[in-house]
Amino acid sequence: MSQITVRQKNFNFSPQIQRYWYGNSAFKTHFFNSITLLFPDGEQFMLRTIKRQIKQIENTQLKQEAAAFVGQEAQHAVQHEKFWQILYQQGYTFDIYLRCLRFILFNVCEKRLSIKFKLAMIAGVEHFTNVIAELTLKEELFADAEPIMKELFEWHSAEEIEHKTVAYDVFQDVTQSYLIRILGIIMAYTFVLGFVNLGLLIMLHHDKKLLNFKVWQEMVQFLFSEEKIFFKVFSHSIKYLKVNFHPSERDNLFLIERVIG
Ligand SMILES: [Fe+2]
Ligand SMILES: [Fe+2]
């Protein structure tokens, strides 16, 4: 039996939400706003690929877990996209970003990649989300954020940890090639970091803060000197390179108790 639960959520984001909802920091707010721009289409690509693969899976438990993965990712996509309304109300536009993102995801990745490479890329993206999810819960990363944004990211993080083995196991069900797995994570990190940075620059450009000293000081603090996110992400990410890596080896399931019990 699958232990993964699909929960129906319904976030209502108030138009009164602060523009810089993460501790009044433009950098941190737009870093996570940018992630919010990436999730809905990224998750659509992942869930569609996994959904199409379900009928090929023979292991009953993995089949059920894959179905639950699809259900959870669909919820994440819908709830994050709701926040776009607030961003539109705040005056942000990101049509060009979405056109580029959708072209890469649906015209390039979905149409041109073989199923092995698609699943390798998805397993790599899921490793990245698991790294960020663990940091979110372990370090209480959203302690200074607006409560509803904290709730959104913590719920999403808890479910990412809950289903962390699924995409990897579906990939391994198709091929156990180490080379394809590693190429998949390289594609995944290039894609995710590329679009997170693009979204961040678009948001900061809109606020005319691209050359603002305080913003880049916040970046250095967040990534390198205070929260040290860069080093934490790097040291967890490279565990994926181990030949016998499996997502279940990381002891982080206990973190989700406080969020989804
Ligand atoms: Fe998700
Ligand atoms: Fe996920």
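The sequence shown begins at 38 in my numbering and counts up by one. Built from N, CA and C at the ideal position, the CB exists for glycine as well. In this text the structure is predicted, and so the values were computed from the model without any measurement.
Between phenylalanine 259 and phenylalanine 64, the C-beta spacing is below 8 Å. Taking glutamate 110 as the centre and dropping the five residues before and after it, the same chain places the C-beta of Glu80, Met83 and Leu84 closer than 7 Å to its C-beta, in chain order. Closest in C-alpha terms to isoleucine 275, from the list Glu183, Leu178 and Gly161, comes Gly161. For threonine 166, the shortest C-beta to heavy atom distance toward ligand 2 is below 7 Å. Glutamate 118 has its CB no nearer than 7 Å to any heavy atom of ligand 2.
Judged by the Cβ position, glutamate 80 qualifies as a neighbour of ligand 1 at the 7 Å threshold, a heavy atom of the ligand being closer than this. A residue is called buried when at least 16 other Cβ atoms come within 10 angstroms of its Cβ; glutamate 294 does not meet this threshold and is exposed. Annotated three-state conformation of tyrosine 205 is helix, per DSSP. Per DSSP, alanine 182 is not a residue of any alpha helix (DSSP H), being assigned neither H nor E.
Secondary-structure assignment with DSSP links tyrosine 59 through a beta bridge to Ala182. The Cβ neighbour count for aspartate 181, taken over all protein chains shown within 10 Å, is under 16; the residue is labelled exposed. Assigned with DSSP and collapsed to three states, glutamate 171 falls in helix.
Taking each of Leu75, Phe250, Glu286 and Lys88 in turn and checking the Cα distance to leucine 237, the smallest one comes out for Leu75. For cysteine 137, the enclosing alpha helix (DSSP H) stretches over residues 132-139. With a beta-carbon spacing of about 13 Å, asparagine 289 and glutamate 196 fall beyond the 8 Å limit used to define contacts. When rounded, the separation of the alpha-carbon atoms in isoleucine 159 and lysine 88 is 13 Å.
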